[in-house]
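K.L.:
Written as structure tokens, this is what we have:
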């Protein structure tokens, strides 16, 4: 039997706000119910993303996004039911992004039954930059919302 759920934080902590996924995961440690795995991926290689959620009844992906919203804005998408909106781009500072990985999994029939994506609007993605203050606050908000979602019956 697989895990109940997995939370996947995607991003590169050495590229400023791209590290929001790892930051959110750090804030979730010790706050998730039994049966929930926390997985950090520095990139969004489709095979790694699909392997991370393999066997889980539901998956939650946290990543930086660029949509034109103010930095730190948190949006939740039901990615199992429909593709991400065209105006929302999940950020990847190299290779494919998590959005491309999700759509590839959709085509291959390898999406989990339930898949939520929490995007946190980023601003600075420069090498060596730290997480911006607004995005750190967004990571805290995303982590709180994910913890609530996982605790709900």
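In this note's numbering, the protein residues as written are 42 to 194.
Every residue gets a Cβ at the ideal spot worked out from N, C-alpha and C, and that includes glycine.
1) If you draw a straight line from the alpha carbon of residue 195 to that of residue 93, how long is it in whole angstroms?
2) Could you tell me how far apart the beta carbons of residue 112 and residue 175 are, in whole angstroms, since I believe they sit closer than 8 angstroms?
3) For the beta strand (DSSP E) that contains residue 119, what are its first and last residues?
4) Can you round the beta-carbon distance between residue 105 and residue 161 to whole angstroms, since I take them to be within the 8 angstroms contact cut?
5) Can you tell me whether residue 43 is helix, strand or coil according to DSSP?
6) Can you give me the start and stop residues for the beta strand (DSSP E) that residue 92 sits inside?
7) Which residue comes first and which comes last in the beta strand (DSSP E) that contains residue 160?
8) Check whether the Cβ atoms of residue 47 and residue 97 sit closer than 8 angstroms, and answer yes or no.
9) Please go through the same chain and pick out, in chain order, the residues whose beta-carbon is closer than 6 angstroms to the beta-carbon of residue 66, but skip the five residues on each side of it.
10) Would you decide whether residue 124 is buried or exposed? Buried here means 16 or more other CB atoms lie within 10 Å of its CB.
P.N.:
This is what the structure gives:
1) Because residue 195 is not part of the residues shown, which for the chain are 42 to 194, the question remains open.
2) For the purposes of this step, residue 112 is taken as the residue at position 71 of the chain shown. For the purposes of this step, residue 175 is taken as the residue at position 134 of the chain shown. Between residue 175 and residue 112 the Cβ distance is about 4 angstroms, and since that is below 8 angstroms, they are a contact.
3) Translated into the one-based positions of the chain shown, residue 119 becomes position 78. Counted as a single uninterrupted DSSP element, the beta strand (DSSP E) harbouring residue 119 occupies residues 115–119.
4) Numbered from its first residue, the chain shown carries residue 105 at position 64. Numbered from its first residue, the chain shown carries residue 161 at position 120. Contact holds; Cβ gap of about 6 angstroms.
5) Within the chain shown, residue 43 is the residue found at index 2, counting from 1. Annotation note: pLDDT 46 at residue 43 (below 50); position unreliable, coordinate value reported separately. Correct three-state label for residue 43: coil.
6) Numbered from 1 along the chain shown, position 51 holds the residue referred to as residue 92. Looking at the DSSP string, residue 92 is not in any beta strand (DSSP E); the run it does join, the alpha helix (DSSP H), is 87–94.
7) Taking the first residue of the chain shown as position 1, residue 160 is located at position 119. Taken as a continuous stretch (DSSP letters only), the beta strand (DSSP E) holding residue 160 covers 155–162.
8) Numbered from 1 along the chain shown, position 6 holds the residue referred to as residue 47. Numbered from 1 along the chain shown, position 56 holds the residue referred to as residue 97. The Cβ-Cβ distance between residue 47 and residue 97 falls below 8 angstroms.
9) Taking the chain shown and counting its residues from 1, one reaches residue 66 at position 25. If we look at residue 66 and ignore the five residues flanking it on each side, its Cβ neighbours are 50, 79, 81.
10) For the purposes of this step, residue 124 is taken as the residue at position 83 of the chain shown. It counts as exposed.
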